[in-house]
Every structure is written in structure tokens, then in C-alpha cells.
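A.B. asks: Would you mind keeping the following structure in view while I ask a few things?
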Amino acid sequence: MGETMTPELLVERAAELPDDDLHALCEAADAAILDGGGFGWVKSPGRLALQSYFRGVLLVPERELFIGRLDGVIVGSAQLVRPPRNNEAQAFAATLMHSFIAPYARGHGLARMMTRRIEDSARSLGYQVLNLDVRETQEAAISLYETLGYHRWGEHPSYARVGGRTIRGIFYVKLLQRDPKA
Numbered sequence: 001m002g003e004t005m006t007p008e009l010l011v012e013r014a015a016e017l018p019d020d021d022l023h024a025l026c027e028a029a030d031a032a033i034l035d036g037g038g039f040g041w042v043k044s045p046g047r048l049a050l051q052s053y054f055r056g057v058l059l060v061p062e063r064e065l066f067i068g069r070l071d072g073v074i075v076g077s078a079q080l081v082r083p084p085r086n087n088e089a090q091a092f093a094a095t096l097m098h099s100f101i102a103p104y105a106r107g108h109g110l111a112r113m114m115t116r117r118i119e120d121s122a123r124s125l126g127y128q129v130l131n132l133d134v135r136e137t138q139e140a141a142i143s144l145y146e147t148l149g150y151h152r153w154g155e156h157p158s159y160a161r162v163g164g165r166t167i168r169g170i171f172y173v174k175l176l177q178r179d180p181k182a
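Each residue of the sequence shown is one higher than the last, beginning at 1 in the numbering used here.
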């Protein structure tokens with residue numbers, strides 16, 4: 001009988017993306033887009049556009065890029081987005097955006113791990129609230145967020161257009177810590 005190997009899972013904040021990592025990240029993003037979970041894109045924009053996009057994310061001070069690795073290879077990512085400094089009224093809340101795992105790497109718990117890592121990072125930065133939104137067609141993501149304690153607070157009836165069809169958006173919030181001033 002052969003032994004079943006447990007895959008090695010790792011989530012880390014990316015400060016840079018060496019060429020091999022950038023290639024793997026673009027490959028994973030492309031696969032996620034083609035599978036319908038493309039964080040805004042409904043068709044692949046092409047490798048150069050994806051490379052420029054991810055390089056640009058690393059340059060935005062209010063964004064932190066987290067990458068998920070399966071056996072050492074990047075297979076997904078998500079972003080923690082902090083509010084701009086001029087938005088004092090919402091300075092207590094951050095947003096989880098553009099989360100995906102490539103279809104060929106799903107089912108190992110990496111999306112759950114990545115979400116928890118982002119929550120921990122947001123908490124350590126002092127945020128009390130984490131917001132996110134998803135398309136209604138992203139059923140696995142909806143299930144994940146609801147099992148992790150995100151509260152569905154609303155829907156947008158005309159959130160996205162995919163394949164000529166209008167799709168609802170679902171909005172979630174999770175309280176990370178109590179507001180000490182409340």
C-alpha cells in the first residue's frame with residue numbers, strides 16, 4: 001500500500017514576487033478567472049496584464065497581498081485593503097478583496113487558512129471590522145465565509161455582468177474585536 005502524502009500548505013504576506021512566484025500567481029489567477037472566480041475579470045486579461053496588476057498591488061501602500069502555496073507553489077492569493085488615510089470615519093474597518101484559489105488546488109483548506117491569516121493581520125493592525133463582497137455564483141466562497149462567522153448584511157441586485165447576465169452581489173461583515181469606545 002502506498003502512503004498518502006499530506007500537501008504542504010502555507011500562507012504568507014508577499015513583499016516581493018520573484019519571477020517564478022509571479023509566473024505561478026498569474027497561472028493560478030488565470031485558472032481562477034476561467035473557472036468563474038476571477039475577482040472582477042470575467043475573461044483572462046492575458047499574462048502581461050496580470051503581471052502588471054500583481055506588481056502594482058505590491059506598490060499600493062494600503063494593500064497587502066497574501067499568497068497561498070500548495071507544496072511550495074503559489075496557487076492563490078487575497079488582499080487586505082486598508083482605508084485611505086483621509087477616511088477617518090471608516091478607519092476602524094478593512095476589506096478582504098480579490099481572494100481566489102486556482103481550481104486545481106482547491107479542497108485542501110487553503111482558502112480558509114488564507115482568510116484566517118488576513119483576519120489575524122487585520123486584528124494586529126488594530127482593525128475591528130473586516131468587510132468583503134462576492135458574486136452570488138461563488139457558492140464555495142459564500143459557504144466558507146458563512147462558516148467562518150461572516151454576517152451577510154446585504155445584497156446588490158445588479159452587482160456584476162457575466163456572460164450577458166446580471167448577477168447579484170452579497171456583502172459580508174465580520175467583527176474582529178470590540179470597539180473599545182462603544
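Even for Gly, the Cβ is constructed at its ideal location relative to N, Cα and C.
Given the structure is predicted, the values throughout are model-derived calculations rather than measurements.
(1) Residue 182 by DSSP, collapsed to three states: which one?
(2) By how many angstroms is the C-alpha of residue 147 removed from the C-alpha of residue 11?
(3) Among residues of its own chain, excluding the 5 on either side of residue 113, which ones have a beta-carbon nearer than 8 Å to its beta-carbon?
(4) Under the assumption that residue 170 contacts residue 136 (Cβ atoms under 8 Å), give the Cβ distance between them as a whole number of angstroms.
(5) Once you ignore the five residues that flank residue 153 on each side, which residues in its own chain have a CB closer than 8 Å to its CB?
(6) How many Å lie between residue 215 and residue 42 at the Cα?
(7) Since residue 14 contacts residue 66 with CB under 8 Å, what's their CB separation in whole angstroms?
(8) Rounded to whole angstroms, what is the Cα-Cα separation between residue 161 and residue 25?
(9) Can you tell me whether DSSP reads residue 42 as helix, strand or coil?
C.D. replies: Taking the definition as stated:
(1) Caution is warranted here: a pLDDT of 49 is assigned to residue 182, below 50, making its placement in the model unreliable, and the coordinate value is therefore given only provisionally. Coil at residue 182, not helix or strand.
(2) 20 Å
(3) 9, 11, 68
(4) 6 Å
(5) 171, 172, 173
(6) Here the chain has residues from 1 to 182 only, and residue 215 is not among them.
(7) About 7 Å; that satisfies the 8 Å criterion.
(8) 25 Å
(9) Coil.
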